[in-house]
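S.K.:
Protein chains: 2
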Amino acid sequence: MSEENTVYIGKKETMNYVMAVVTQFNSGSNEVYIKARGRAISKAVDVAEITKNRFVQDAEIVEMKSDTEQVPRTGEEGTANVSSFEILMKRKE
Amino acid sequence: MSEENTVYIGKKETMNYVMAVVTQFNSGSNEVYIKARGRAISKAVDVAEITKNRFVQDAEIVEMKSDTEQVPRTGEEGTANVSSFEILMKRKE
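If you read the protein sequences in the order shown, they are chains F and Y.
Residues 18 to 110 in our numbering are what the first sequence spells out, letter by letter.
Residues 18 to 110 in our numbering are what the second sequence spells out, letter by letter.
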């Protein structure tokens, strides 16, 4: 997996990330990873669903997986546990 | 799949749903479904991660899948598309 075909979900509007995924597919990628942490996970699922339903109909979600990451607390000592999430989309063969 | 071993994620605190999942496992269920829609999807992932990391160490996430559902708009005509999400957790054999 390279970083090139990975879209990281942040605080922008959902459609920004949908367009990023669609652009990946249209520029020749056969697979695209969508990654998110914490509250952005819901948006990652929206991005995958909108991409396959409306823009890249021959793409499908082939894997979804989650993990727990330790991130430093802002302004405090120690770390907090945050869920991370990854969706792999591929063009159907 | 029965409704008995399904935990629906709503607006309560995350730990309420973690306890519901743990209770299912402790009352003899070998598999538990966690279901959510829209913004609650992030919380569903947190619930699964916290359950397996802290409370039911022999449980694992065996499947995650998403779909798009049409829900009526509140106070308006027509329907809106909402992502739905399902996590299947099982005790390791």
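The C-beta atom is built at its ideal place from N, Cα and C for all residues, glycine as well.
#1: Mind pulling the beta strand (DSSP E) runs of 3 or more residues that sit fully within the stretch 45 to 87 of chain F?
#2: Please name the residues in the stretch 57 to 78 of chain Y whose beta-carbon is closer than 7 Å to at least one beta-carbon of chain A, in chain order.
#3: Would you please state the rounded distance, in angstroms, between the beta carbons of Asn-70/Y and Thr-96/F? I believe it to be under 8 Å.
#4: According to the Cβ coordinates, are Leu-105/F and Glu-66/F closer than 8 Å?
#5: At 8 Å on the CB atoms, spell out the chain Y contacts of Met-81/F, in chain order.
#6: Gln-74/Y to Val-39/Y, Cα distance in whole Å?
#7: Buried or exposed, going by whether 16 or more other CB atoms sit within 10 Å of the CB of Met-18/F?
#8: Does Asn-22/Y come out as helix, strand or coil in the three-state DSSP assignment?
#9: With a threshold of 6 Å on Cβ separation, who are the neighbours of Ser-101/F within its own chain once the five nearest residues in sequence on each side are excluded?
M.R.: Let's see:
#1: 48 to 54
#2: Protein chains F and Y are contained in the structure displayed, whereas chain A is not.
#3: In fact, because the Cβ distance is near 14 Å, the residues do not count as touching under 8 Å.
#4: no
#5: Met-81, Lys-82, Ser-83
#6: 11 Å
#7: For Met-18/F, the predicted model reports a pLDDT of 46, less than 50, meaning its position is unreliable and no value from the coordinates is stated.
#8: coil
#9: Arg-54, Asp-84, Glu-86
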